[in-house]
Structures are given as structure tokens and as C-alpha cells.
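J.:
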Amino acid sequence: MTINEFFKHYYDIVCNGDLDGLDQLYHSDSPFLIGVKSQYESIRKQLEMKIEIESLELVAKQDDLLVVRDNILFEGSKDGATQKNRSGNVHILTRKHEGEWRVHSTSCISIAGA
0 MTINEFFKHY YDIVCNGDLD GLDQLYHSDS PFLIGVKSQY ESIRKQLEMK
50 IEIESLELVA KQDDLLVVRD NILFEGSKDG ATQKNRSGNV HILTRKHEGE
100 WRVHSTSCIS IAGA
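Position 67, counted from 1, in the sequence shown is what numbering that gives the first Met the number 0 calls 66; the numbers after and before it change by one each time, with no gaps.
1. Using a Cβ-Cβ cutoff of less than 7 Å, which residues in the same chain neighbour Gly20 once the five nearest sequence positions on both sides are dropped?
2. Have a look at Gln61 and Ser106 and give me their C-alpha separation to the nearest angstrom.
3. By DSSP, does Ser27 sit in helix, in strand, or in coil?
4. Rounded to a whole number of angstroms, what is the C-alpha to C-alpha distance between Ile52 and Phe6?
5. Tell me whether Ile110 is buried or exposed, calling it buried when 16 or more other Cβ atoms sit within 10 Å of its Cβ.
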């Protein structure tokens, strides 16, 4: 799976899928998975959302670490009203013993209206 395919799948789960699917995308050592799932569950109760990846860049790579930066367009709708914003995020992916890459953490680095 390419990095682009990985993050398209990630954001599809975030917006439309069973959030337990994130378990397969987060590293078992990540302390953030429970909070991420809770955050998206809360957002889903308030809004219908759509996330479109506008750009994706591999910033750094080591044997056991990837740093990926994305820019996304977030669209949230409720009762016919739509709000859009763009955000930039940095994702840290890790792996153990030549296993598959998994998200360890994500940080939002910018938000702007769209």
C-alpha cells in the first residue's frame, strides 16, 4: 500500500467507516489511539464530515520511522449549513522488526478557513 492509499483509507475510516478500523492503522505502542477514536466519534455526533487530501509529502524516512505531512480540506455539514477549513498535519509512522508502517501520532500544524 502506498502512502497515498494509506491516508485515503485512514481518512475514509475517519469520515465514514467503523472507527475500530483505526486499530489496524495505529501502532500498538501508540498511546493516542483511544483519544483519536473518541475525538472523531464526538465530531461525528455533531456533523457529517468529508475530508479530501489536497497534498501529501514524505518529509523524512528512516528504517523504523516515517514523517508524513498532509494538507486536507475538511468539510462539516449540519442542518444544511456547511463549514470548510484547510489544515496541515504531520503524521509520525513507526514499525517494528520490518513490519508494516502504522501511525504513532498526528499533530495539526495549521488551520485556515476555506
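For every residue, glycine included, the Cβ atom is placed at its ideal position computed from N, Cα and C. Being a predicted model, the structure only gives us computed values, none of them experimental.
T.: To lay it out plainly:
1. Excluding residues up to 5 positions away in sequence, Ile12 lie with their Cβ nearer than 7 Å to the Cβ of Gly20 in the same chain.
2. Taking the straight line joining both Cα atoms gives about 19 Å.
3. In the structure shown, Ser27 falls within a coil segment according to DSSP collapsed to helix, strand and coil.
4. Ile52 and Phe6 have their alpha carbons spaced roughly 8 Å apart.
5. Taking all protein chains in view, the Cβ of Ile110 is surrounded by fewer than 16 other Cβ atoms within 10 Å, so the residue is classified as exposed.
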